[in-house]
Amino acid sequence: EDKVVQSPLSLVVHEGDTVTLNCSYEVTNFRSLLWYKQEKKAPTFLFMLTSSGIEKKSGRLSSILDKKELSSILNITATQTGDSAIYLCGPSGNTPLVFGKGTRLSVIA
Amino acid sequence: EAQVTQNPRYLITVTGKKLTVTCSQNMNHEYMSWYRQDPGLGLRQIYYSMNVEVTDKGDVPEGYKVSRKEKRNFPLILESPSPNQTSLYFCASSFRGVGNTIYFGEGSWLTVV
Numbered sequence: 029e030d031k032v033v034q035s036p037l038s039l040v041v042h043e044g045d046t047v048t049l050n051c052s053y054e055v056t057n058f059r060s061l062l063w064y065k066q067e068k069k070a071p072t073f074l075f076m077l078t079s080s081g082i083e084k085k086s087g088r089l090s091s092i093l094d095k096k097e098l099s100s101i102l103n104i105t106a107t108q109t110g111d112s113a114i115y116l117c118g119p120s121g122n123t124p125l126v127f128g129k130g131t132r133l134s135v136i137a
Numbered sequence: 207e208a209q210v211t212q213n214p215r216y217l218i219t220v221t222g223k224k225l226t227v228t229c230s231q232n233m234n235h236e237y238m239s240w241y242r243q244d245p246g247l248g249l250r251q252i253y254y255s256m257n258v259e260v261t262d263k264g265d266v267p268e269g270y271k272v273s274r275k276e277k278r279n280f281p282l283i284l285e286s287p288s289p290n291q292t293s294l295y296f297c298a299s300s301f302r303g304v305g306n307t308i309y310f311g312e313g314s315w316l317t318v319v
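Here the protein sequences line up with chains A and B, keeping their order.
Per the working numbering, the first sequence runs over residues 29 to 137.
Per the working numbering, the second sequence runs over residues 207 to 319.
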């Protein structure tokens, strides 16, 4: 059975802080890992990590895939109140389109 | 425009009254999936489909049915809804293979009283 564990489940930080969100997975026939951001609507795509693309960066957000440790991290530097959201990771394997419980990030001004 | 369309977006219904939430995608995706989202529990997969006539249970299939008669449509059926199925539901789709993102519908708020 495929498993996805995200930590922490909830996090409160002040603007300007740097945060690291974790995702560990156990999936059969791992193909890729996706990160999504969800505010009060449908999730929106952030990053895709695969065997050929284990590190991605976009502005203040970056993500790394560690295939040996079966995990990924999402870093957000200089956080802003607009970063407040639920962050979801979804490793794709034999069972497609699965996600972890998410990390709820709250950024306080 | 590439999109996943869910209907209805909002529904209040009564216990035991059968309902169907439709999901349609216009991207010729093979994979489709239904999720429910409850506070603190992230996206829990209800059912998924890897292609036409191929469906499988996710983590929380009890009380739900699905069908995949056409590639573009993946309806979620609640035969006898109960209050514990009150939730926010998302449909999603993607292509097979590595390197494909997941597209989400806008969500359906369902309340069972």
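Just so you know, even glycine gets a beta-carbon here, dropped at the ideal spot from N, CA and C.
Check your understanding: Looking only at DSSP bridge pairs, what is residue 295 (chain B) linked to?
Key -> B:242 and B:314
Practice item. For residue 213 (chain B), name the three-state secondary structure that DSSP assigns. Key: strand
Review point. Chain B partners of residue 113 (chain A), CB-CB under 8 Å?
Key: In chain order: nothing, as chain B lies at least about 12 Å away.
Practice item. With distances taken Cα to Cα, identify the nearest neighbour of residue 128 (chain A) among A:81, A:116 and A:57. Key: A:116
Check your understanding: Under a Cβ-count criterion, where at least 16 other Cβ atoms within 10 Å of its own Cβ denotes burial, should residue 137 (chain A) be classed as buried or exposed?
Key -> exposed
Practice item. Taking residue 256 (chain B) as the query, report the chain A residues whose CB atoms sit under 8 Å from its CB, ordered along the chain. Key: 124
**Study point:** CB contact check: residue 307 (chain B) to chain A, cutoff 7 Å
**Key:** yes
Exercise for review: Mind checking which residues open and close the beta strand (DSSP E) that includes residue 31 (chain A)?
Suggested key: 31 to 35
**Study point:** Limits of the unbroken beta strand (DSSP E) element including residue 115 (chain A)
**Key:** 113 to 120
Practice item. Quick one: which residues of the segment 67 to 90 of chain A get their C-beta closer than 9 Å to a C-beta of chain B? List them in chain order. Key: 69, 70, 71, 72, 73, 76, 78, 79, 80 and 81
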